[in-house]
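One structure is given below, encoded as structure tokens.
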Amino acid sequence: MNIPQTLIQSLREARHVVVLTGAGISAESGVPTFRQAQTGLWSQYDPQELATPEAFRRNPRLVWDWYSWRRELVANALPNQGHLALAAIEQITPKFTLITQNVDSLHQRAGSRNVLELHGNLSRVKCFQEDIVIDEWRETAEPPPRCPRCGGLLRPDVVWFGEMLPARILHLANEATRSADIFITIGTSGIVYPAAALPPAAIRSGAVGIEVNTEETPLTQSMAHVLRGPSGEIMPLLFREAWPESDICQPV
Ligand code: BJW
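Counted from 1, the sequence shown has number 895 at position 66 by the working numbering; the numbering is strictly sequential.
Set out below in structure tokens:
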């Protein structure tokens, strides 16, 4: 792939690089994307219908079991070259903010530090009743497990459709978006709000917009640069072209 020199130059000169990632960045780690057909037992369910408070109210066990399956899947996955390249870019740029819609912790496991998790994290659970994060819990024969404080049902600490995003994190994401010189979206379909509103907001504030995705999305048209292909190949290439002299974490 030919990466435009103007893009390389903008990246080298940027004071604040902001990245928004979605499920596509973890695809090469073997984690199915949100809207990809699910596999095996879960292929008969629509993820959009499982990721709601209504679904949990209707069938808490089904929703809990889906998240338990995904928790195990990501625990056995490894960060890929795309995650690693972002951790390397964070080390070499003056200011770097990684906004992720993912709940899989793969960015943190790759070494990224300044990560804003818009949609929560699979590894945490909270009480469905009291909305309080519970540190100690274990799987039970009759899932979901119960809250040790009030006996309510436990649920994953993720953001479902119709729920508010964590206010402080969303505030930090909006602030970073407004001050970005470069805003890169990676592996997101760009259809879920308010995350999907961040790239156009960054571009309105003067950022150079870059999209890395295997497919076209509703965000594509507004981007200054579109890099079409898998992020596990494109991100290391971008890093090597922008900082050929760097010896930090040269992705292979
Ligand atoms: C690759 C690749 C490779 C593959 N390399 N690329 C404004 C307008 C319309 C609707 C709304 C609106 N504002 C709010 C709404 C409602 C709703 C919404 O957005 N609905 C839309 C579907 C229309 N939003 C909400 O409800 C949000 N809450 C909210 O706004 O609160 C205030 C409010 C409440 C009530 C009413 C109104 C306002 C909450 C959204 C929470 C989303 N949660 C989920 C689940 C998280 C937990 C879990 O994981 O189970 O988050 S849904 C799901 O979508 C998940 C993802 O983070 C999110 C985004 O998906 P993502 O990451 O983009 O994945 P995919 O699968 O869609 O795409 C993968 C992409 O990768 C594709 O493009 C591939 O091509 C690409 N790809 N391989 C590069 N190797």
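Backbone N, C-alpha and C define an ideal beta-carbon position, used for all residues, glycine too.
For residue j and residue i, the rounded distance between their alpha carbons
| i | j | result |
| --- | --- | --- |
| A1071 | G911 | 15 Å |
| F1068 | E883 | 43 Å |
| A843 | I918 | 11 Å |
| I832 | D960 | 46 Å |
| P1023 | M993 | 10 Å |
| A1053 | V847 | 15 Å |
| G859 | R899 | 11 Å |
| S952 | A914 | 24 Å |
| F957 | Q834 | 50 Å |
DSSP state of residue i mapped onto helix, strand, coil
| i | result |
| --- | --- |
| S1008 | helix |
| R890 | helix |
| S858 | helix |
| P908 | coil |
| F1068 | helix |
| F925 | strand |
| R1057 | strand |
| S1075 | coil |
| E842 | helix |
| F990 | coil |
| A914 | helix |
| G853 | helix |
N- and C-terminal bounds of the alpha helix (DSSP H) containing residue i
| i | result |
| --- | --- |
| R975 | Run containing R975: none; DSSP gives neither H nor E here. |
| R1033 | L1027 to R1033 |
Cβ shell of residue i (< 6 Å), same chain only, five flanking positions each side left out
| i | result |
| --- | --- |
| T1017 | G851 |
| R1007 | S1034 |
| P973 | P889, W893, L982 and L983 |
| Q838 | none |
| G1019 | A1025, T1046, P1047 and L1048 |
Sheet register partners of residue i (DSSP bridge)
| i | result |
| --- | --- |
| I1020 | Looking at the DSSP assignment, I1020 forms no beta bridge with any residue, so it has no partner. |
| I1013 | V848 and I1039 |
| E946 | T929 |
| I832 | For I832, which the question treats as bridged, DSSP gives no partner whatsoever. |
| V954 | I963 and P985 |
Cutoff 8 Å; reference residue i; Cβ partners in own chain excluding five residues on either side
| i | result |
| --- | --- |
| G1058 | M830, V1041 and T1043 |
| G949 | V932, P985, D986, V987, V988 and P995 |
| A1030 | N1003, T1006 and R1007 |
Extent of the continuous beta strand (DSSP E) to which residue i belongs
| i | result |
| --- | --- |
| P985 | L983 to V987 |
| R967 | No beta strand (DSSP E) holds R967; DSSP gives it neither H nor E. |
Same chain, Cβ closer than 7 Å to residue i, neighbours up to 5 away in sequence not counted
| i | result |
| --- | --- |
| V1055 | E1040 and T1049 |
| T922 | A843 and V846 |
| G1061 | E857, N909, Q910 and G911 |
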